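Chains as they are written, first to last, in the numbering used here: chain A, 274 to 613; chain B, 214 to 325.
Encoded as structure tokens, the structure appears first; notes follow it.
This is how it looks when you write it as structure tokens:
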């Protein structure tokens with residue numbers, strides 16, 4: 274081949290082989306040189322024709338690399354998707370919780386725009402960073418062809434066919450048995466926020482007092498250190514119940530059992546906190562009168578009727594009734610619509 | 214209009230792709246080098262693109278169906294491919310399967 278033709282050939286070979294794995298590069302170069310040389314030996318062969326016949330070097334290289342190339346291939350894609358979803362949800366949730374936490378400890382932050390901007394930035398950065406890291410890990414797995422499955426499924430075998438019969442098909446969940454995921458998530462978020470608010474209530478009160486706002490609390494603050502852990506424990510049980518509902522997605526035995534326990538916990542806590550402990554601030558009315566510089570004497574004032582015994586009784590009755598109603602609904606729906 | 218042509222070409226490609234491995238294997242009882250294989254197949258009416266054949270030969274070698282040797286004796290180095298014993302087995306089995314499929318297809322297409 275003439276010098277110029279050779280040069281063109283070499284340029285082509287370079288374009289192809291620079292896209293193939295290093296280990297194969299040299300050998301493929303030799304192959305291509307042999308091939309082009311053979312093709313040039315045909316009658317009237319021109320280098321441009323020959324190279325045009327071989328086609329786009331990018332496509333040629335792709336054939337050497339295997340027709341399909343994936344960042345994350347079919348084998349890993351399913352696992353990749355749910356890891357990403359799980360991570361994104363957790364990261365966003367954690368960041369939000371951290372921001373709420375921070376806002377709760379130093380409520381002054383809540384007034385600053387920078388706090389909200391900062392929170393949004395944090396969430397975005399952690400989402401992008403995590404997404405990148407997870408994608409990177411899966412890309413490595415794809416290339417190394419690591420054989421594994423995150424969710425250990427039993428290897429399918431013909432044995433399963435032999436034992437299969439229509440009778441063991443899982444039942445289609447009844448529409449009425451469905452538990453809305455949105456409801457559960459709202460419930461979880463509210464429970465967490467409420468818990469955080471309760472936990473940092475004293476700090477809130479102090480902050481308010483610092484800003485010269487008089488705080489009169491109807492609760493007995495002296496036993497707060499007993500009441501608070503109990504309330505938080507109850508909230509945790511509620512949280513677990515909500516998470517179980519979220520995971521199950523429909524009314525079933527597990528949800529019913531969880532509801533019974535959570536309901537029982539609610540009632541027990543209500544009785545302990547409202548009935549047994551001196552929950553209410555005995556001096557509430559007096560403190561209020563002092564703070565507002567008013568007197569509550571006549572029967573027209575609502576607060577005249579403030580009697581901790583009555584208030585406790587009313588609250589307890591409400592909690593018990595609501596809990597019983599909720600439990601009743603859950604049991605009914607589970608037995609009627611939720612096939613076990 | 215262009216879509217229909219593209220569809221046709223894709224389907225044709227799929228059809229030919231299915232027979233590619235068998236046609237290549239059928240020619241490699243004796244050692245041959247890449248371009249000779251291309252020309253040999255073309256001479257027998259099997260159209261195969263050069264940029265498809267070479268990567269295919271590599272792949273078949275990786276799967277253990279072919280073995281390769283570089284001959285450095287001649288004017289330029291040449292890579293010769295031939296079937297391995299494992300390749301022979303696979304080839305015979307594929308050939309049998311093909312003959313079965315071919316007979317079935319004949320019947321199917323005739324009944325239309």
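Beta carbons: idealized from backbone N, C-alpha and C, even for Gly.
The model shown is predicted, which means the values in this text are computed figures rather than measured ones.
Its Cα nearest to that of residue 519 of chain A, the residue A:454 stands out among A:454, A:417 and A:279.
Neighbours of residue 311 of chain A in chain B, taken as residues at a C-beta separation under 7 angstroms, are given in chain order as 248.
Residue 246 of chain B carries a strand assignment under DSSP once its states are collapsed to helix, strand and coil. Using a CB distance cut-off of 8 angstroms, residue 467 of chain A does not count as an interface residue toward chain B. If you ignore the 5 residues before and after residue 361 of chain A, its C-beta comes within less than 8 angstroms of the C-beta of 400, 403 and 404, all in its own chain and listed in chain order.
The Cβ atoms of residue 356 of chain A and residue 301 of chain A lie no closer than 8 angstroms to each other. Residues of chain B with a Cβ closer than 7 angstroms to the Cβ of residue 328 of chain A are, in chain order, 264.
Note: residue 216 of chain B is not bridge-paired with any residue in the DSSP secondary-structure output.
Bounds of the beta strand (DSSP E) holding residue 281 of chain B are 279-284.
Residue environment for residue 532 of chain A: buried (at least 16 other C-beta atoms within 10 angstroms of its C-beta). Nearest to residue 599 of chain A by C-alpha distance, out of A:364, A:501 and A:524, is A:524.
Under DSSP, the beta-bridge partners assigned to residue 523 of chain A are A:451. Taking the Cβ atoms as the reference, residue 461 of chain A lies roughly 14 angstroms from residue 522 of chain A, outside the contact range of under 8 angstroms. Exclusion of the five residues before and after residue 465 of chain A leaves no residue of its chain whose Cβ lies closer than 6 angstroms to its Cβ. Listed in chain order, the non-local C-beta contacts of residue 536 of chain A below 6 angstroms within the same chain comprise 596 and 600, local neighbours out to five positions each way being set aside. Contact between residue 253 of chain B and residue 267 of chain B does not hold, since the beta-carbon distance rounds to 15 angstroms and is not under 8 angstroms. Annotation: the continuous alpha helix (DSSP H) that includes residue 306 of chain A extends over 295-313. A check of alpha carbon separations from residue 237 of chain B across B:219, B:228 and B:296 identifies B:296 as the nearest.
Under the DSSP assignment, residue 292 of chain B falls outside any alpha helix (DSSP H), being part of the beta strand (DSSP E) whose first and last residues are 291-296. Secondary structure at residue 552 of chain A: coil, using DSSP grouped into helix, strand and coil. At a Cβ-Cβ threshold of 8 angstroms, residue 295 of chain A and residue 264 of chain B do not count as neighbours. A direct Cα-Cα distance of roughly 17 angstroms separates residue 285 of chain B from residue 249 of chain B. For residue 293 of chain B against residue 279 of chain B, the beta-carbon gap comes to about 10 angstroms, at or over 8 angstroms, which does not count as contact.
Within the region 276-295 of chain B, those residues whose Cβ lies closer than 7 angstroms to any Cβ of chain A are, in chain order, 289, 290, 291 and 292.
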